[in-house]
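These notes are about the structure you will find just below.
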Amino acid sequence: MSKNQKLVAQISLVADELGLESRAMDGAQFWVNSEDFDLESEIKSRLKFEFDSHKLCFKSDTLEYPYIETQLSVVLDDEEVGYYVLYSLLDGEAVDDALVITDEELKYS
């Protein structure tokens, strides 16, 4: 196994040990159930979340600390309509998140 493959395996293990995917699922569901998320209850109940990616940012112009970004796709009736993203410190502590609907028709329904 190459040095780069080992590094990726270690980062993947950290994400798994911290439960970032399940934390993101919980965060997305929290957003959907919040009063700030303005969609009809019937539509909210049909939304599903699917894991998309983990990304490590170790250097940034805007933030002074490294973080892991976990992204989920928001799916309605087998069509991707948006995404949810969770930003976590390397110890798993959530520092920010967002739920974004990208489907214009759904966004303004």
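Following the working numbering, the numbering of the sequence shown begins with 93 at its first residue and continues without gaps. From the three backbone atoms N, C-alpha and C, an ideal C-beta is built for every residue, glycine too. Keep in mind it's a predicted model, so treat the numbers as computed, not measured.
Leaving out five residues on either side along the sequence, give the residues of the same chain with a beta carbon under 6 angstroms from the beta carbon of residue i.
| i | result |
| --- | --- |
| residue 192 | 174, 175 |
| residue 148 | 103, 160 |
Which stretch, first to last residue, makes up the alpha helix (DSSP H) that contains residue i?
| i | result |
| --- | --- |
| residue 111 | Segment: none, residue 111 is in no alpha helix (DSSP H) and carries neither H nor E. |
| residue 151 | Residue 151 -> no alpha helix (DSSP H), and no H or E assigned at all. |
| residue 134 | 133–138 |
Given this structure, state the Cα-to-Cα distance separating residue i from residue j, to the nearest angstrom.
| i | j | result |
| --- | --- | --- |
| residue 197 | residue 121 | 21 angstroms |
| residue 105 | residue 137 | 32 angstroms |
| residue 119 | residue 131 | 17 angstroms |
Using a 10 Å radius around the Cβ and a threshold of 16 neighbouring Cβ atoms, would you call residue i buried or exposed?
| i | result |
| --- | --- |
| residue 129 | exposed |
| residue 111 | exposed |
| residue 157 | exposed |
Return the first residue and the last residue of the beta strand (DSSP E) that residue i is part of.
| i | result |
| --- | --- |
| residue 189 | 186–193 |
Tell me the DSSP secondary structure of residue i in three-state form.
| i | result |
| --- | --- |
| residue 172 | strand |
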